[in-house]
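Chains as they are written, first to last, in the working numbering: chain W, 13 to 459; chain C, 13 to 459. Where is the CB? At the ideal position from N, CA and C, for every residue including glycine. Below: the structure, in structure tokens.
There are 2 protein chains.
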Amino acid sequence: MNKEEILSIITDSSVGISKQKILLSDMNTADIAEIFEDLESEKIIRLFRILPKAIASDVFVCMDSDHQQLIIEALSNVEIGEIMNNLFIDDAVDFIEEMPANVVKRALKNVESEKRKIINRILRYPDDSAGSIMTTEFVDLQENATVREAFTTIRRTGLDKETIYNCYVIRSDRLLLGTVSAKTLMLARPKERIGDIMDTNVVFAHTTDDREAIADQFQKYDFLAMPVVDNEQRLVGIITVDDIVDVIVEEHTEDVERMAAIVPSDDPYLKTSIFQHARNRFLWMLILMLSATITGTIISSFENGLMVLPILMSFIPMLMNTGGIAGSQASTLIVRGIAVGEISLGDVLVIIWKELRVAMLCGLGLGLVNFIRVFVMNNKDVLLCITITLSLFCTIIMAKTVGGILPILAKRLKIDPAIMSAPLLTTIVDAVSLIIYFSIAKVILGL
Amino acid sequence: MNKEEILSIITDSSVGISKQKILLSDMNTADIAEIFEDLESEKIIRLFRILPKAIASDVFVCMDSDHQQLIIEALSNVEIGEIMNNLFIDDAVDFIEEMPANVVKRALKNVESEKRKIINRILRYPDDSAGSIMTTEFVDLQENATVREAFTTIRRTGLDKETIYNCYVIRSDRLLLGTVSAKTLMLARPKERIGDIMDTNVVFAHTTDDREAIADQFQKYDFLAMPVVDNEQRLVGIITVDDIVDVIVEEHTEDVERMAAIVPSDDPYLKTSIFQHARNRFLWMLILMLSATITGTIISSFENGLMVLPILMSFIPMLMNTGGIAGSQASTLIVRGIAVGEISLGDVLVIIWKELRVAMLCGLGLGLVNFIRVFVMNNKDVLLCITITLSLFCTIIMAKTVGGILPILAKRLKIDPAIMSAPLLTTIVDAVSLIIYFSIAKVILGL
């Protein structure tokens, strides 16, 4: 059944509720959420109410925050309580973080007090920390239990856990001793002791660890889940791979935005107000605009030369743009190499040597094309051709080297390398390329 | 034990092999690979040989391709066969894809013939397809089996499967009927029929589907694995979330490279030859350099005006750079919005309206600062101030609108939006901002 058929059945008031209910119960919750988001408000509320309780919370989690708010505002306190109590802690925290104060208040008021305490504790972890993305619903086992007993525990409590595929072995004081995967349990004999089959070589995170570093560990070890401990090594939660996928995508967006000289924001483009958009972009535009004063001053200082040979002006954008792209190509590759852990601080000399040679190759090729173009378009003026081509060649060498060094330098100064690539690089490359150009023009053309 | 301690033990020839073996057996395979990669070639080979067979292949998978080649070239045919036969199909394919022909030949010669056939089949799928990242080691169950029988199947075959947490129910002709998660199995009663508890609402991929679209599905549904079927809906493989994490990171790198006007490449920066680097970057540099001929022509055409008032030249880089960043901020946000599925083709008017207003806000702020700066630095020449400020304002409006529209246009023309953002945007913004500048200067300053 395709989306249109489903829509026509669930929005047709002549179709009985029970038929609609059966149809929805058979669907994937992410698909239900997607379909609901296309409907009018009152239809969403009506259909949300006929969802079986077991799947209502799952659908709720998949909806965007505007629709979540719409639903919470329409439901009774009892209904809100049912949804909140069925949410996993990490999903509840994600939801709460996006809501305005009055909705948060109402949602938390109707949740069980034990769960409310946990939610409040997780809300206090910094935004980018392991603690903020963990969930507290995991399966814990005792060292002395047998495999058979472990299965009993899982069968009894498993439905309410975010994953049952990684179980955690803890002492009575919650100290983390080891992990057992469901695979190990299923392949083990029923009488074996958990303590004998558990993996004690556990890779774990601390609540305050950076979530990007955790994502790297998931990538390295191919984890499905990872335990999170507090300062006393007591198990407080787990992070699951589905949340890590979201972290990776969010961190990428931040990187891309920083590289384009935008202050990163969590909100989607269409949902960000124009004032917020302007605020996220203004600062770097301002810095770039003001730093262009340097370039302006350099041009003014060569005014006399330009007055003698005005054609020289027309090559300025070509030099600056080619230099700009040469530099940003290099810096982008280095920033990305640092982000994926391929390039480290020690590689700076290797990078410079590599960029120098790449720049020579590119510079020779572009220089040749440029020479021919200038020669043909400017009355076969050989001295002019040499001036422009030599400037271009030196600009490319300079831009690629600076572009290669800046991100490493930023990393060493503990600044995000992505920030360096756009504004600072542009300013340096523009200024230096003009100085190169005018110096060469002075010597060769005798201005 | 930290990395240095481990290194000192495994490289110390006075320590017995059995002790080294025990130490390594206790470690995570990804960590062993990381430590091996820091050693000299002969030590790697020696230590690799003392690894228990069960973990040698896992360590091999975690190593980079240079070290994999080193090991394969040092091992005997029998040893190669053992490793190859223990690799999961998807890992074997990844490894084969990176090796030179002679290594591929030797590796495939020593693998079981059945496995060799499957590897060869998967190697034929296009690089970006679902088929190329799937594995064929999954648990399949019969509809009529009971839960108890399913567990027996899993216990018997599970060790060799990439995941046992998603099992696939197929007919005797391999047609995919449904899926059962290990969670469902563990929570079910032993006598229940698989056909009664399986989920028949299966989201699956075709072998030829784009891997980026598959990654979106994993994100939407929080999958751990997804079945892949052929044209006749027969189950041929599964894709697991660990490979999807790699796909997301790789696709992101490609996007970033395209945005920076680089032809994307799979190879890491440090391992790419300078010729390859130059080739990946040359084309877009050339296009940008040549397109700057347009800008040059526009400047030349206004030469007389510039000769009268040479100070006008010094503002060209400021206008072009501020316009450039204004445009790239907008296009980056739209490209990213399209990539994460937040922005669709229908949003073009919303985007234009949004960018226009954001541009006005930024333009007003920057215009004010610019007015003051030019006023102070240029002898309080009000007409000059108005000319520059008005040009800046119009340039920002134009740049943000063009930056907002171009990626959508690219998407509509089925070109990758990321490609549009750097070269074409720069060319358009540079040319139009100069035309705006010179037109305004003509009117206000009467040049």
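In chain order, Ile-311, Leu-318, Met-325 make up the part of chain C whose C-beta sits under 7 Å from the C-beta of W:Met-325. Chain C has a Cβ within less than 7 Å of the Cβ of W:Gly-377.
Taking 7 Å as the CB threshold, W:Val-253 lines the interface with chain C. Annotated three-state conformation of W:Ile-427 is coil, per DSSP. Excluding sequence positions up to five before and after C:Glu-224, its CB lies within less than 6 Å of the CB of Glu-263, all in the same chain and listed in chain order.
Across the structure, W:Ala-104 and W:Ala-66 are spaced so that their CA atoms are roughly 16 Å apart. When C:Glu-110, C:Glu-16, C:Thr-401, C:Ile-427 are compared, the shortest CA-CA separation from C:Lys-283 is found for C:Glu-110. Fewer than three beta-carbon pairs drawn from the stretch 229–245 of chain W and the stretch 112–122 of chain W are found closer than 8 Å, and the two stretches are therefore not classed as touching. Nearest neighbour of W:Ile-431 by Cα position, chosen from W:Thr-344, W:Ile-456, W:Cys-406, turns out to be W:Thr-344. Contact of C:Ser-340 with chain W is assigned, a C-beta pair being separated by under 7 Å. C:Ile-209 is positioned such that its CB atom lies no closer than 7 Å to that of C:Val-181.
In this structure, C:Val-441 places its C-beta atom within 7 Å of the C-beta atom of C:Gly-339. In this chain, the alpha helix (DSSP H) harbouring C:Tyr-233 covers 223–233. Take W:Val-259, set aside five residues on each side of it, and the residues of its chain with a beta-carbon closer than 8 Å to its own are Ile-145, Arg-223, Glu-224, Ile-226, Ala-227, in chain order.
Considering only C:Val-90, C:Glu-367, C:Ser-403, the residue with the shortest C-alpha distance to C:Leu-324 is C:Ser-403. For W:Gln-288, the nearest beta carbon of chain C is not closer than 7 Å to its own beta carbon. For W:Pro-280, the secondary structure class from DSSP, reduced to helix, strand or coil, is coil. Exposed is the label assigned to W:Phe-287, since fewer than 16 other Cβ atoms lie within 10 Å of its Cβ.
Among the CB atoms of chain C, one or more fall inside 7 Å of the CB of W:Arg-369. For C:Ala-194, the nearest beta carbon of chain W is closer than 7 Å to its own beta carbon. For W:Val-386, the CB contacts under 6 Å within the same chain, skipping 5 residues up- and downstream, are Cys-397, Ile-400 in chain order. The beta carbon of C:Pro-329 falls within 7 Å of a beta carbon belonging to chain W, placing the residue at that interface. In terms of Cα proximity to C:Phe-150, the closest of C:Asn-156, C:Gly-143, C:Asp-172 is C:Asp-172. Shortest Cα-Cα distance from W:Lys-33 to any of W:Arg-168, W:Arg-61, W:Ile-427, W:Phe-100 involves W:Arg-61. With three or more CB-CB distances shorter than 8 Å, the stretch 327–334 of chain W counts as touching the stretch 293–305 of chain C. Against chain C, a Cβ distance below 8 Å from W:Lys-127 picks out nothing, because the smallest value is about 21 Å. Nearest to W:Val-248 by C-alpha distance, out of W:Ala-200, W:Arg-183, W:Ala-273, is W:Arg-183.
DSSP places C:Met-13 in the coil class of the three-state scheme, outside both helix and strand.
Burial state of W:Lys-203 is exposed, judged by a 10 Å Cβ sphere holding fewer than 16 other Cβ atoms.
Under the 10 Å beta carbon count, C:Leu-376 is surrounded by fewer than 16 other beta carbons and is classified as exposed.
Counting only Cβ-Cβ distances below 8 Å, W:Phe-163 has contacts in chain C at Met-198, in chain order. The DSSP-derived three-state label of W:Thr-175 is coil. Counting of Cβ neighbours within 10 angstroms places W:Ala-68 among the buried residues, the total reaching 16 or more. The C-beta of W:Gln-154 comes no closer than 7 Å to any C-beta of chain C. Excluding its 5 nearest sequence neighbours in each direction, C:Asn-156 has C-beta neighbours in its own chain below 7 Å: Arg-205, Gly-207, listed in chain order. What C:Met-297 touches in chain W, judged by beta-carbon distance under 7 Å, is Thr-334, Ile-337, Ala-338, Cys-374, Leu-378, going in chain order.
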